[in-house]
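Numbering (the numbering used here), first residue to last: 899 to 1238.
Quick reminder that beta carbons are idealized off the backbone N, C-alpha and C, glycines included.
For reference, the structure discussed in these notes is given below.
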Amino acid sequence: MDHAADALRTDLMTITRYVLNEQSKHPESRGDFTILLSHIVLGCKFVCSSVNKAGLAKLIGLAGETNVQGEEQKKLDVLSNDVFVKALVSSGRTCILVSEEDEEATFVEPALRGRYCVVFDPLDGSSNIDCGVSIGTIFGIYMVKDFTEPTLDQVLQPGKNMVAAGYCMYGSSCTLVLSTGSGVNGFTLDPSLGEFILTHPDIKIPNKGKIYSVNEGNAKNWDGPTAKYVENCKFPKEGSSPKSLRYIGSMVADVHRTLLYGGIFLYPADKKSPSGKLRVLYEVFPMSFLMEQAGGQAFTGKERALDLVPKKIHERSPIFLGSYDDVEEIKALYAAEAKN
Ligand code: FDP
């Protein structure tokens, strides 16, 4: 790579320019998606700025409430949720919002309604906030034909019906990874410009990776295929090298590394949590959508993750996602178990 040329790069592909370019490929498009995305981007910039100064601005710690998942809400969780809900409603392009932080879906008032449903986790990995580990926002977008009478069925759709998905990671840099259904692109926030610039065009996950990522503290409660898979990662057959273990415990950061370096991220079912931990609509679906768009796979232990049809907005599912060949291995183990 020519770093000197890179440093002098003057033709900046901002996320807005990128989405406008994509929009121009669809002459029938009215720019609604571009407007919606600009409101999501604004939310991400606000949360990024709040995360960066959390310690200084006394944003660390608990807000004193418990959310629908029974988890204590952090001040930053509450703030991020408020910002995203307001940004999405005021875009005038949404009709239903489902947030990890809100028990019920938000139905946007008629005057501000548009044809998109947005499912999101405003600040995922929040147990990592107080120690400064990378956290992120995850979102998925559905489009509905009729938004005059919005109903919950419009968001209780399989993930394969999403029109776009992405996440923004608040880490050593702020990175927004987006797919609108034709590949995956990564944009890094240039704080001096206040703009997300295309830095990771057309991300493709390696077909096989050297890393597995799982909370091994749950191992005693795993089912057979998960236990066998992790055993194979550590003690592979026929002299191949063992995989390295990396687990941050913050889904956005663990999935981001998996997407760039390859390997597999697992949050399986276990005896204590038979449906796993991660939520279908705003964790499993967006990340599975991105993985497939980057050439990887996502599997629930039973089926392709994006084929799942959720019955409730906060439903959970086990998930195995990452490099194509690595996910094939766990699929084979579940298939073998189903046969016996
Ligand atoms: P957190 O509880 O910190 O909000 O679903 C939330 C999540 O983090 C994910 O970001 C993360 O992958 C997972 O939970 C971590 O769970 P464990 O602590 O059980 O490993």
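Continuous beta strand (DSSP E) stretch holding residue i: start and end
{"i": "V1239", "result": "As displayed, the chain neither begins before 899 nor continues past 1238, which places residue 1239 out of reach and without an answer."}
{"i": "E1035", "result": "This sequence places Thr at residue 1035; Glu is not what is there. Unbroken beta strand (DSSP E) run through T1035: I1033 to M1041."}
{"i": "I1101", "result": "Element bounds for I1101: n/a, residue is neither H nor E."}
{"i": "N1238", "result": "Note, N1238: premise wrong, no beta strand (DSSP E); not H, not E."}
{"i": "T1049", "result": "Counting along the chain, T1049 falls outside any beta strand (DSSP E), and DSSP gives it neither H nor E."}
C-beta contact flag for residue i and residue j at 7 Å
{"i": "V1207", "j": "P1056", "result": "yes"}
{"i": "N979", "j": "P1020", "result": "yes"}
{"i": "K1229", "j": "F1197", "result": "yes"}
{"i": "K1132", "j": "G1193", "result": "no"}
{"i": "P1104", "j": "S1221", "result": "yes"}
{"i": "I1027", "j": "L1087", "result": "no"}
{"i": "V981", "j": "L1179", "result": "no"}
{"i": "V945", "j": "I1211", "result": "no"}
{"i": "Y1014", "j": "M1041", "result": "yes"}
CB-CB length for residue i against residue j, believed under 8 Å
{"i": "G1107", "j": "I1146", "result": "About 16 Å; that fails the 8 Å criterion."}
{"i": "G1038", "j": "A1063", "result": "4 Å"}
{"i": "F1085", "j": "I913", "result": "5 Å"}
{"i": "L977", "j": "S948", "result": "6 Å"}
{"i": "C993", "j": "F1045", "result": "4 Å"}
DSSP bridge partner residues for residue i (one or two, in chain order)
{"i": "M1067", "result": "G1034 and T1073"}
{"i": "N1116", "result": "Its beta-bridge partners do not exist; DSSP assigns none."}
{"i": "D1019", "result": "I1036"}
{"i": "V983", "result": "Paired residue(s): none; V983 is not in a bridge."}
{"i": "S1142", "result": "I1109"}
{"i": "G1220", "result": "I1162 and Q1195"}
{"i": "V917", "result": "V917 is not bridged to any residue."}
{"i": "R907", "result": "Its beta-bridge partners do not exist; DSSP assigns none."}
{"i": "G1084", "result": "V1075 and H1098"}
{"i": "V996", "result": "V1017"}
{"i": "D1168", "result": "W1120"}
For residue i, the first and last residue of its enclosing alpha helix (DSSP H)
{"i": "N1059", "result": "Taken as a continuous stretch (DSSP letters only), N1059 belongs to no alpha helix (DSSP H), as it is neither H nor E."}
{"i": "H1154", "result": "M1149 to Y1159"}
**Request:** Decide if the segment 1021-1038 is in contact with the segment 1144-1157; the criterion is three or more beta carbon pairs, one per stretch, under 8 Å apart.
**Result:** yes
**Prompt:** Within the chosen definition, does the segment 1212-1219 reach the segment 1168-1182 through at least 3 CB pairs nearer than 8 Å?
**Reply:** yes
**Message:** Could you check whether the segment 1108-1122 touches the segment 1164-1171, counting it as contact only if at least three pairs of C-beta atoms, one from each stretch, sit closer than 8 Å?
**Reply:** The segment 1108-1122 makes contact with the segment 1164-1171, as at least three CB pairs between them are under 8 Å.
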